[in-house]
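Take 6 as the starting number for the first sequence in the numbering used here and just add one per residue.
So the structure is just underneath, and the comments pick up after that.
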Amino acid sequence: MFGRLSTRLLNICVVSLCKANRLEKAEAVIIDGIRLGVLPDVVTYNMLVDAYCEFESLDVAYSILPRMKEAGISPDVVTYNSLIAGAVRKCSLSRSLDLFEEMLQKGIPPDTWSYNTLMHCFFKLGKPEEANRVFRDMIVGDMTPCAATFNIMINGLCKNGYTDNALMLFRNLERHGFVPEIITYNILINGLCKAGRLQAARRMLKELEESGHAPNAITYTTVMKCCFRSRQYKQGLEILAEMKRKGYTFDGFGYCTVIAAFVKTGRIKEATDFMEQMVQDGIQLDIAAYNTLINLYCKEGKLEAAYLLLDEIERRGLECDVYTHTIMIDGLCKAGNIKGAQRHLEIMNMIGFDSNLVAYNSIVDAFCKDGEIDYAMKVFEAMEIKDSFTYSSVVHNLCKARRLRHASKLLLSCLRSGVKILKSAQRAVVDGLRYSGQRREAKKLQSKIRMAKISH
DNA sequence: CTAGGGTTAG
Numbered sequence: 006m007f008g009r010l011s012t013r014l015l016n017i018c019v020v021s022l023c024k025a026n027r028l029e030k031a032e033a034v035i036i037d038g039i040r041l042g043v044l045p046d047v048v049t050y051n052m053l054v055d056a057y058c059e060f061e062s063l064d065v066a067y068s069i070l071p072r073m074k075e076a077g078i079s080p081d082v083v084t085y086n087s088l089i090a091g092a093v094r095k096c097s098l099s100r101s102l103d104l105f106e107e108m109l110q111k112g113i114p115p116d117t118w119s120y121n122t123l124m125h126c127f128f129k130l131g132k133p134e135e136a137n138r139v140f141r142d143m144i145v146g147d148m149t150p151c152a153a154t155f156n157i158m159i160n161g162l163c164k165n166g167y168t169d170n171a172l173m174l175f176r177n178l179e180r181h182g183f184v185p186e187i188i189t190y191n192i193l194i195n196g197l198c199k200a201g202r203l204q205a206a207r208r209m210l211k212e213l214e215e216s217g218h219a220p221n222a223i224t225y226t227t228v229m230k231c232c233f234r235s236r237q238y239k240q241g242l243e244i245l246a247e248m249k250r251k252g253y254t255f256d257g258f259g260y261c262t263v264i265a266a267f268v269k270t271g272r273i274k275e276a277t278d279f280m281e282q283m284v285q286d287g288i289q290l291d292i293a294a295y296n297t298l299i300n301l302y303c304k305e306g307k308l309e310a311a312y313l314l315l316d317e318i319e320r321r322g323l324e325c326d327v328y329t330h331t332i333m334i335d336g337l338c339k340a341g342n343i344k345g346a347q348r349h350l351e352i353m354n355m356i357g358f359d360s361n362l363v364a365y366n367s368i369v370d371a372f373c374k375d376g377e378i379d380y381a382m383k384v385f386e387a388m389e390i391k392d393s394f395t396y397s398s399v400v401h402n403l404c405k406a407r408r409l410r411h412a413s414k415l416l417l418s419c420l421r422s423g424v425k426i427l428k429s430a431q432r433a434v435v436d437g438l439r440y441s442g443q444r445r446e447a448k449k450l451q452s453k454i455r456m457a458k459i460s461h
């Protein structure tokens, strides 16, 4: 009895240390406990697994398992749920499937949360049909779904392009015995926004208010971002004003959304004001916030200030990500230092970033604008992946350089393959042909553009 | 344990 009580005390101690990311101290407390005859139990180890997943790495967390075995304690469903969730968070998706398998092999029966996490994993892998299968198994089997099950489903359907199916599931919530939570509304509002359905999103916001919930900062940030994205700046700024009026406090997400929108529209003064406000508010900057600020400095041409922030990131023990590097590369390009940008891209490749399409786009565009169009086309040909940005930029620049045949050829290949290309770039080709006396070519291209519009 | 932020073309 006394021993069990002591273990509970030990766990209370360990959980608070773990939550505060004081893992060394937590380990020391456990060792002290053992010395005093208070043995850690499965709950103690589960807390460690959870904390190591969050603050260290999946591997370190996984290394708790042999320690448990040594102590004669078997991992349970909570241990595995933590590991699987940790793997999903760190995007080690195949790893999380392996862990699920391992749990089954050890004869540990999964619970609702195991299935929730598994669904989440499948959605992140872009396998909605697999996730849906897990969901169906839950509904018809003896596993009871919880509110989060539906949130994960609705979110996953939205993220995988099944917004209407998500809406249907939302409308069927009550039949399953659940009422929508604020988080459910936020998921749907975001899904509608990302699908470009701003009006439907605003209707959903209204429905949220009518349901008796008060929208939270996440709701507003989501809708505001959507307005900015669809170039409804006035509407976006109105939401910003409404948030301020109603006394919502801004967190890093809110600030970043607004600053980025200001930067994108060239409102540097407003962006800088907001940045200062963010710092005054004492917001702890994370890597996304740093990226926002670095981008602001780059757009102002203050490269030195941007580099100072890179130093600060390092000092604080944060890690630059693909955004940081891309923003710097684009900043160097726009500052006219394309060679420097290329060097940075090489570094990016060396340290193992494989998604650098955006950086290549910036560099190709920069070479075009610098008049080095032949070299730009060489880089363009060598690119393994290209997207709408790549083609829109190159086609536009080819037109400016009066290389209309090449531009038209690329535009046609886009029309055939269904790659979207900016209207302005399309118009540049047609107008270019027309005004250089190739009226017949222009007409032919125009009709092909129209055909493509119908068939896609 | 499930929701919102950060990069490129015009």
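Even for Gly, the Cβ is constructed at its ideal location relative to N, Cα and C.
Relative to the Cα of R94, the nearest Cα in the group H125, S119 and D286 belongs to H125. One thing to note: A56 has its Cβ no nearer than 8 Å to the Cβ of L14.
R348 counts as exposed, since fewer than 16 other C-beta atoms from the protein chains shown sit within 10 angstroms of its C-beta.
The beta carbon of R407 is closer than 8 Å to those of G437 and S441 in its chain, skipping five residues each way along the sequence. If you check the CB distance, N296 and V268 do not come in under 8 Å. Sorting I69, R176, N402 and G252 by C-alpha distance to the C-alpha of A219 places G252 at the top. Apart from sequence neighbours up to five positions away, the residues of its chain that approach D392 with a beta-carbon distance below 8 Å are L362, N366 and V424, ordered along the chain.
For secondary structure counted as the alpha helix (DSSP H) over 4 or more consecutive residues, the region 299-352 holds these complete runs in sequence order: 308-320 and 327-339. Counted as a single uninterrupted DSSP element, the stretch harbouring K111 is not any alpha helix (DSSP H), since DSSP gives it neither H nor E. In this structure, DSSP gives F372 a helical state, which the three-state scheme calls helix.
Annotation for I264: A276, F279, M280, M283, T297, L298 and L301 place their beta carbon closer than 8 Å to its own, counting only its chain and skipping 5 residues before and after. Between V435 and V400, the C-beta gap is not smaller than 8 Å, which leaves the two residues out of contact. Taking a contact as a CB-CB distance under 8 Å, the pair K374 and N402 counts as one, their CB atoms being some 7 Å apart. Here the alpha carbon of V82 sits roughly 24 Å from the alpha carbon of A25. Residue range P133 to V145 is occupied by the alpha helix (DSSP H) that includes E135.
One Cα belongs to M143, the other to T117, and the distance between them is close to 8 Å. Contact annotation: V43 and V19 have beta-carbon atoms that are not nearer than 8 Å.
Taking the Cβ atoms as the reference, A153 lies roughly 6 Å from N121, within the contact range of under 8 Å. For V47, the CB contacts under 6 Å within the same chain, skipping 5 residues up- and downstream, are I78 and D81 in chain order.
With respect to the C-alpha of L178, the residue from E215, L41 and I157 having the closest C-alpha is I157.
In its chain, beyond the 5 residues on either side, A66, I69, T84, S87 and L88 have a beta carbon closer than 7 Å to the beta carbon of V54. Here DSSP, grouped into helix, strand and coil, assigns F358 to coil.
For E351, the closest alpha carbon among the candidates A364, G341, K339 and A340 is that of A364. Of the residues assessed, A387 falls on the exposed side of the cut-off, its CB having fewer than 16 other CB atoms within 10 angstroms. Scanning its chain for C-beta atoms nearer than 7 Å, with the 5 sequence neighbours on each side dropped, one finds around Q451 the residues V435, in chain order. Using a 10 angstroms sphere on the CB of F127, the tally of other CB atoms reaches 16 or more, which defines it as buried. Under the three-state reduction of DSSP output, E59 falls in the helix class. Sequence-distant Cβ neighbours of M209 in its own chain, meaning closer than 8 Å and more than five residues away, are Y190, L193, I194 and L197. Remark: C-beta atoms of G257 and A294 approach each other more closely than 8 Å.
A Cβ-Cβ contact shorter than 8 Å links L420 with I454. Distances from the alpha-carbon of K458 to those of Q431, R445, R444 and E446 put Q431 closest. Here the alpha carbon of T224 sits roughly 15 Å from the alpha carbon of Q204. A Cβ-Cβ separation of about 5 Å places L98 in contact with L130 under the 8 Å criterion.
Looking only at P45, P115 and D359, the smallest Cα-Cα distance to E389 is reached by D359. With contacts defined by Cβ atoms closer than 8 Å, T270 and K230 do not form a contacting pair. In chain order, I69 and M73 place their CB closer than 6 Å to the CB of Y50, counting only its own chain and leaving out the 5 sequence neighbours on each side.
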